[in-house]
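Participant:
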Amino acid sequence: MTDVSQAEALVFERMPAWPSVRADIAASHGRILRESIVAERDQPPFDRVMMDGIAIAWADWSAGTRSFEPIGTQAAGSPELTLQAPGQCVEIMTGAMRPGGTDTIIPVERIRREGRLKLVVDATDVERGQFIHRQGSDRRKGVTLLEPGIRIGATEVAVIAGAGYADVEVTAVPRVAVISTGDELVGTGEPIARFQIRSTNEFSIEASLALAGLAEVRRERLIDDEGEILDAVEDLHHDHDALILSGGVSMGQFDFVPAVLQQLGAQVVFHGVKQRPGRPLLFATSRDAKPIFGLPGNPVSALVCLTRYVVPAFRRAAGLADTTTEHAVLTEPVSRSSRLTYFMPVELGWDDQGRQTAEPKPTNTSGDFISLAGTDGFVELPKGREKDPEGTVARVFRW
Ligand code: AMP
Ligand code: MG
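Residue numbers (this note's numbering): 639 to 1037.
Structure follows, in structure tokens:
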């Protein structure tokens, strides 16, 4: 049996890198950027006026002038006017270019009209160059504004639009077939017998991957029939970038997934991990090197394995550069077997010192998926300990 960290490394090594595609900027949010965004122009691209008011020459101000003759009005989006003589000003609006011959802005609140002239009524604390956002003071033309590997959110898409990109290179969202296997499984909206259960895994797996923008999912449900599983895996594997199966990976008489993968010539990289829940986890690669995950069918195990291995693997394959890990402090001790790594569902919060806390929320069994609703994720408690005392700092994985 494989250790958790070893299993993770084996998966990471064998994940392909998804290709990139061009996306219209308006549809790029949530996608992962795969090119460097370069400044089209200086930022700001000209000396930008930051206040409505008048633009004057500091030379006039320091010579004692407080009353200025306007030569015109300049709005944002028009070319600049230029002062012709001492004592003049331009009526100026926020976002306009600094007029020629001016270098200081007096805000409109400090000015009164006096006939044709503009009189500065409050002359305190006027500084040379005030309220002018200088050309290139944020960034220079040609510098890199964003590096590849980030997820495009509200702040990033503004930078991309500001640099004039109509479309950007982003990761192509992989197509993934999620296949629940089990004779007992019945879909929603169908009649159900006493000995059957509702199939939940394909929905939770899709929700996890789709919410993270990591995959486009096709859901399938199969009975425990070796031939049927073989045909479906063979078919689905052709037009999908990865397969995620749930159920049928244990040692039961009807657990056909490992045998089917062997028959298809897939390489089983590991089968069985020293962890609870999720011990029967299987990972394989197809003959053409596509990843195939065999998750245990128990809903808690399936979701834990998905979150612990599949999601991080998909994040890497998508080119996400952020590999920061999250931690929290246990609010209660956890007792368990030292032979396995434990994944304990938790609710996250904060203590009065601002540290993130994790309150253990054990499920009844690994079939108790109902208790997971309302939890934030789980903590990883490494093997080799029988008790994790209150205050233990543990790694967090969010659903
Ligand atoms: P298995 O891994 O096939 O041995 O299944 C383990 C347990 O998980 C059994 O109690 C199954 O009924 C249950 N199970 C398997 N697949 C699903 C599914 N798609 N949705 C909900 N429960 C499942
Ligand atoms: Mg089964």
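Idealized CB from N, CA, C, for every residue including glycine.
Mind listing, in chain order, the continuous alpha helix (DSSP H) runs of no fewer than 4 residues lying wholly within the segment 721-804?
Facilitator: Whole alpha helix (DSSP H) segments, 4+ residues: 792-800.
Participant: Ignore the nearest five residues each way along the sequence and tell me which others in E822's own chain have a CB closer than 8 angstroms to its CB.
Facilitator: Closer than 8 angstroms at Cβ, skipping near neighbours: F833, Q834, I835.
Participant: Name the two residues that bound the continuous alpha helix (DSSP H) containing G865.
Facilitator: Run containing G865: 864-876, per the alpha helix (DSSP H) assignment.
Participant: Where in the segment 679-718 do unbroken runs of the alpha helix (DSSP H), each at least 4 residues long, occur, reported from the N-terminal end onward?
Facilitator: Taking only runs of at least 4 residues, the alpha helix (DSSP H) segments lying wholly in the segment 679-718 are 696-700.
Participant: Using a beta-carbon distance below 7 angstroms, is V1034 in contact with chain C?
Facilitator: In the structure shown, chain C cannot be found, because there is only a single protein chain.
Participant: Between G1005 and the ligand MG, is there a pair consisting of the residue's CB and a ligand heavy atom that are separated by less than 6 angstroms?
Facilitator: Incorrect: G1005 has no Cβ contact closer than 6 angstroms to the ligand MG.
Participant: Secondary structure at E854, three-state DSSP: helix, strand or coil?
Facilitator: Of the three classes helix, strand and coil, the one that applies to E854 here is strand, per DSSP.
Participant: Among R704, A880, Q991, L648, which residue has its Cα nearest to the Cα of W656?
Facilitator: Checked all of R704, A880, Q991, L648; the closest Cα to W656 is A880.
Participant: Taking the straight line between their C-alpha atoms, what separation do you get for G820 and L860?
Facilitator: Each residue's Cα considered, the two are about 6 angstroms apart.
Participant: Name the one or two DSSP bridge partners that S1004 has.
Facilitator: Paired residue(s): none; S1004 is not in a bridge.
Participant: Name the one or two DSSP bridge partners that F1035 has.
Facilitator: Bridge partners of F1035: F1016.
Participant: By Cβ distance below 7 angstroms, which residues in the same chain neighbour M653 in space, the five residues on each side in sequence not counted?
Facilitator: Closer than 7 angstroms at Cβ, skipping near neighbours: P929, A951, R954, A955.
Participant: Kindly indicate which residue of D1014, R977, S888 has the alpha-carbon position closest to the one of A996.
Facilitator: Nearest C-alpha to A996: D1014.
Participant: Run through the DSSP bridge pairs and tell me what W988 is partnered with.
Facilitator: Paired residue(s): Q994.
Participant: Going by the beta-carbon positions, is the gap between V887 and L920 smaller than 7 angstroms?
Facilitator: Yes, the Cβ-Cβ distance between V887 and L920 is below 7 angstroms.
Participant: Give a yes or no on contact between the segment 961-972 and the segment 1026-1037, applying the rule of three or more CB pairs nearer than 8 angstroms.
Facilitator: Short answer: they touch.
Participant: When every heavy atom of the ligand AMP is checked, does at least one fall within less than 6 angstroms of the C-beta of G1022?
Facilitator: Incorrect: G1022 has no Cβ contact closer than 6 angstroms to the ligand AMP.
Participant: Taking 7 angstroms as the threshold (C-beta atoms), are I730 and A693 in contact?
Facilitator: Yes.
Participant: Taking Cβ positions, are G725 and T711 nearer each other than 7 angstroms?
Facilitator: Result no, Cβ atoms of G725 and T711 do not sit closer than 7 angstroms.
Participant: Taking the alpha-carbon positions, what's the I788 to Q768 distance?
Facilitator: Whole-angstrom Cα-Cα distance: 36 angstroms.
Participant: To the nearest angstrom, how far is the alpha carbon of V676 from that of A959?
Facilitator: Rounded to the nearest angstrom, the two C-alpha atoms are 18 angstroms apart.
Participant: Could you compute how far the alpha carbon of L783 sits from the alpha carbon of Q913?
Facilitator: Using only the alpha carbons, I get a separation of about 43 angstroms.
Participant: Are I798 and V816 close, meaning C-beta to C-beta below 7 angstroms?
Facilitator: No, Cβ-Cβ distance for I798 and V816 is not below 7 angstroms.
Participant: Can you tell me whether D926 is buried or exposed? The criterion is at least 16 other CB atoms within 10 Å of its CB, across all chains shown.
Facilitator: Looking at its Cβ environment, which holds fewer than 16 other Cβ atoms inside 10 Å, D926 is exposed.
Participant: If you draw a straight line from the C-alpha of D1032 to the C-alpha of E1018, how long is it?
Facilitator: For the record, residue 1032 in the displayed sequence is Ala; it is not Asp. In a straight line, the C-alpha of A1032 is about 6 angstroms away from that of E1018.
Participant: Under the three-state reduction of DSSP, which class applies to L1038: helix, strand or coil?
Facilitator: In the structure as shown, the chain begins at 639 and stops at 1037. Residue 1038 is therefore absent and cannot be evaluated.
Participant: So L941 and W1037 are supposed to be a Cβ contact under 8 angstroms. How far apart are they, rounded?
Facilitator: With a Cβ gap of about 7 angstroms, L941 and W1037 count as contacting.
Participant: What did DSSP end up calling S837 once you bin it into helix, strand or coil?
Facilitator: Of the three classes helix, strand and coil, the one that applies to S837 here is coil, per DSSP.
Participant: Who are the near neighbours of G987 in its chain, counting only those whose CB is closer than 7 angstroms to its CB and skipping five residues on each side?
Facilitator: If we look at G987 and ignore the five residues flanking it on each side, its Cβ neighbours are T995, E997.
Participant: Tell me, to the nearest whole angstrom, how far the beta carbon of V1034 is from that of E985; I am working on the premise that it is less than 8 angstroms.
Facilitator: Not really, about 11 angstroms apart at Cβ, beyond 8 angstroms.
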